[in-house]
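Reviewing the structure listed below.
Residue numbers (my numbering): 18 to 582.
Okay, here's the thing in structure tokens:
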């Protein structure tokens, strides 16, 4: 393709009556302060839409448009144009045809950028137009912080080696965020974690290496590996930031701190434990700026949401949300509290730890060192005249019994429990020592939930189940399985070659009716289980997961992993 011609964009837009002369003059005036290019300033002023501008440029310059969300970007191809230049010029090599490249640009009329790209690339290239936001997102996905972390790890390691191999961690860290290699390493580690949407950062030390892994959409991925000598000062620095004792390495410790990362306020929840070769640390990332506590966005099916709202707005009783760690139980309960949080309601929570601060709600952090546990706080709550009580987790018989008595004396009690599904929750409470008649009197509803990984929209393709998978599917759908469309992701840069992007919540809702109450009161657990499975409107986790797989939203592998019982 020939080199794009330099055009006077503003005059061209006016002459084609896309914008007015007044709008052009306004944009040119404000452009001096903003520093934006004219096209971006016109968009910012709402004088023209980005799609409209790109269509105009495409027609005038004879350059095709592309949708980068549909491209499978190869790292080695994109890397033909260095990261610094790609970000500065908002340009990216997206295709290598052998004899030439294809370069996506946000502003193809920028002939200075074109000339610079031509000097860098080793063969001719064609230009295509892409949306600015798509280019930025693609650059963030391809140019992750892993290579930067490797370089900082090397600096960090050299600094320690030059000082002394036996240097104490206290000598290489301080409580401030500075420009030292360890500070830069931590900042970069968290920036990379946020870029890929990680929920947790794991720092692990073995005999030879330090491993940092990120949990993304429920699955751990290796972020970087470095020399194990970096582990002690790195964890000591994190301990200082969380206000923990850096001299104590024999006992587990828990703390939290805040950082501003990529313009967002992030709460870090730190947990350390002693391991064979030092200490291991795990940090949960809680993004306060992205906090959405709304039942309408919880993923519950509309008919289930109606029933759930009815029980949480009831005057009393216990409502349990169950599932494994990381299944979104706390988010569901917080969303319920946000809906119940009104001036006429006194709400108290006992949590370990307090994950999100909820305005207008009295939240108590457990502290086992001084005997402040769930049972003790729950007793105190009953003297505080509450309307709604949230207990972070039903961990023991004493907490369960106090919670149930509160539920029977005019309080709404919300809590969590680790069980596989809604039906087994009542059986688990009995195993913990609660009397069946007490459960029958106090319990109002149970929500069991899981998070299944969503197939990446960018690289999804049809998938044929194997014999074992077909057998499981046929147990639910029978002959209808032939009409279903199963998908899986083959992996691309958008999903970091995992085949998955994001997660979908699935729920199981069991409401205590007179038949279930009767079965519990009589202690007939077999009748309770059979009655629950036949309850009108009850949809199991497995059926819900299979339904999503049949629509191509998740994979059969996720169904088999999450809800095979």
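Quick reminder that beta carbons are idealized off the backbone N, C-alpha and C, glycines included.
Would you report the Cα separation of residue i and residue j, rounded to the nearest angstrom?
i	j	result
residue 108	residue 129	12 Å
residue 251	residue 326	46 Å
residue 583	residue 291	Summary: the structure shown does not reach residue 583, with the chain confined to residues 18 through 582, and so no result is reported for it.
residue 49	residue 160	31 Å
residue 106	residue 30	23 Å
residue 436	residue 341	7 Å
residue 233	residue 43	45 Å
residue 459	residue 275	39 Å
residue 34	residue 62	17 Å
residue 192	residue 277	Reliability of the predicted coordinates at residue 192 is poor, the pLDDT of 37 falling under 50, and the value obtained from them is presented with this limitation in mind. Taking the straight line from one Cα to the other gives about 15 Å.
residue 54	residue 203	34 Å
residue 66	residue 474	25 Å
residue 185	residue 546	Because the pLDDT of residue 185 is 42, which lies under 50, any placement of that residue in the model is unreliable, and the number read from its coordinates should be weighed accordingly. Distance between the alpha carbons of residue 185 and residue 546 is about 59 Å.
residue 82	residue 152	12 Å
residue 273	residue 373	12 Å
residue 426	residue 405	12 Å
residue 434	residue 411	6 Å
residue 58	residue 36	13 Å
residue 422	residue 84	59 Å
residue 121	residue 145	5 Å
residue 362	residue 403	8 Å
residue 224	residue 321	50 Å
residue 586	residue 352	The first residue shown for the chain is 18 and the last is 582, placing residue 586 beyond what the model contains.
residue 254	residue 534	54 Å
residue 181	residue 468	Because the pLDDT at residue 181 is just 46, under 50, the model does not fix this residue reliably, and the value given afterwards should be weighed accordingly. Residue 181 and residue 468: Cα-Cα distance of roughly 47 Å.
residue 509	residue 476	6 Å
residue 45	residue 73	19 Å
residue 279	residue 444	46 Å
residue 407	residue 367	6 Å
residue 197	residue 429	51 Å
residue 64	residue 41	9 Å
Is residue i helix, strand or coil when you go by DSSP?
i	result
residue 385	helix
residue 81	coil
residue 143	strand
residue 352	helix
residue 534	helix
residue 250	helix
residue 213	coil
residue 243	strand
residue 65	coil
residue 457	helix
residue 226	strand
residue 34	coil
residue 513	coil
residue 232	strand
residue 362	coil
residue 237	strand
residue 197	coil
residue 571	strand
residue 558	helix
Bridge partners of residue i, per DSSP?
i	result
residue 334	429
residue 468	522
residue 54	Note: residue 54 sits in no beta bridge, so no partner.
residue 121	109, 145
residue 376	DSSP, once it has assigned bridges, lists no residue as partnering residue 376.
residue 347	Answer by DSSP bridge pairing: none, since residue 347 is not bridged.
residue 368	382
residue 203	DSSP, once it has assigned bridges, lists no residue as partnering residue 203.
residue 218	231, 300
residue 528	462
residue 339	434, 465
Could you tell me whether any Cβ in chain B is nearer than 8 Å to the Cβ of residue i?
i	result
residue 200	Structure shown: chain B not included; a single protein chain is present.
Cβ of residue i within 7 Å of any heavy atom in the ligand SAM?
i	result
residue 546	In the structure on display, the ligand SAM does not appear, and there are no ligands present to speak of.
- Message: Taking 8 Å as the cut-off, does the stretch 521-532 touch the stretch 492-511 (at least 3 CB pairs, one atom from each stretch)?
- Response: no
- Unbroken beta strand (DSSP E) runs of length 3 or more, entirely within the stretch 81-117: which are they? 108-113
- Message: So within the stretch 257-302, which uninterrupted beta strand (DSSP E) runs reach at least 3 residues, ignoring any that extend past its ends?
- Response: 270-278, 281-292
- Start-end ranges of the alpha helix (DSSP H) lying completely within the stretch 394-453, minimum 4 residues: 414-424, 440-448
- When the Cβ atoms of the stretch 385-399 are set against those of the stretch 418-425, are three or more pairs found closer than 8 Å? yes
- Message: Give the list of continuous beta strand (DSSP E) stretches no shorter than 3 residues that lie fully inside the stretch 461-505.
- Response: 477-479
- Between the stretch 353-362 and the stretch 547-567, do three or more beta carbon pairs fall short of 8 Å? no
- Say whether the stretch 209-228 touches the stretch 288-305, bearing in mind that this needs 3 or more beta-carbon pairs closer than 8 Å, one atom from each stretch. yes
- When the Cβ atoms of the stretch 322-338 are set against those of the stretch 450-469, are three or more pairs found closer than 8 Å? yes
- Tell me, please, whether the stretch 528-547 touches the stretch 499-510 by the rule of three or more beta-carbon pairs shorter than 8 Å. no
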